[in-house]
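With my numbering applied, the sequence shown has no gaps in its numbers, which climb one by one up to 125 at the end.
Glycine included, every Cβ here is placed at the ideal spot set by N, Cα and C.
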Amino acid sequence: MARPTVRRVYDPPAPSDGTRILVDRLWPRGVAKDRIDLWLKDLAPSDALRHEFHGHPDRWDTFCAAYATELGGPAAQVALATLAAERAKGPVALLYAAKDENRNNATALRLWLDGRTIPVQE
């Protein structure tokens, strides 16, 4: 499986994106549905965690640790299995709406995926 790319949802789609998967809990304002192939909102951090991190980029490590814990929940596990199935088919781009291109939930998710392989469930 190739490593997913991380792209801002407001950037134009690239041919190399493959399947474009939104990993935010809220639909991004002004984005047409045809620009996104799949919405896995259960891979987004909880509202509480998102609000806690917003405006505090110095808490990145704490955010990543708490987010990793949330990814162990049942809804996230189902979404991770869906993501693994998409990754097995070909390239995947994880899409986010945040303004920070380096510290966002899609980047945190990719870092988490780098440390763990999710088996495809048949």
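Need the endpoints of the alpha helix (DSSP H) that A69 sits in, please. As a first step, residue 69 must be located in the sequence shown, where it is residue number 66. In this chain, the alpha helix (DSSP H) harbouring A69 covers W63 to E73.
Do P7 and R106 come within 9 Å of each other at the CB atom, strictly closer than that value? Looking up residue 106 in the sequence shown gives position 103. Looking up residue 7 in the sequence shown gives position 4. Result no, Cβ atoms of R106 and P7 do not sit closer than 9 Å.
Out of F66, I39, D40 and K36, which one is the CA nearest neighbour of D50? For the purposes of this step, residue 50 is identified with residue 47 of the sequence shown, where counting begins at 1. Among F66, I39, D40 and K36, the Cα nearest to that of D50 is on F66.
Just to check my reading of the structure: I24 and A96 have Cβ atoms closer than 8 Å, yes? What is that Cβ distance to the nearest angstrom? Here residue 24 refers to the residue found at position 21 of the sequence shown. Here residue 96 refers to the residue found at position 93 of the sequence shown. For a cut-off of 8 Å, the C-beta gap from I24 to A96 is around 7 Å, short enough to register as a contact.
Only counting the same chain, and skipping five residues up and downstream in sequence, which positions put a Cβ closer than 6 Å to that of D45? What you label residue 45 is simply residue 42 of the sequence shown in a count that begins at 1. So the qualifying residues of the chain are A78, A79 and A82.
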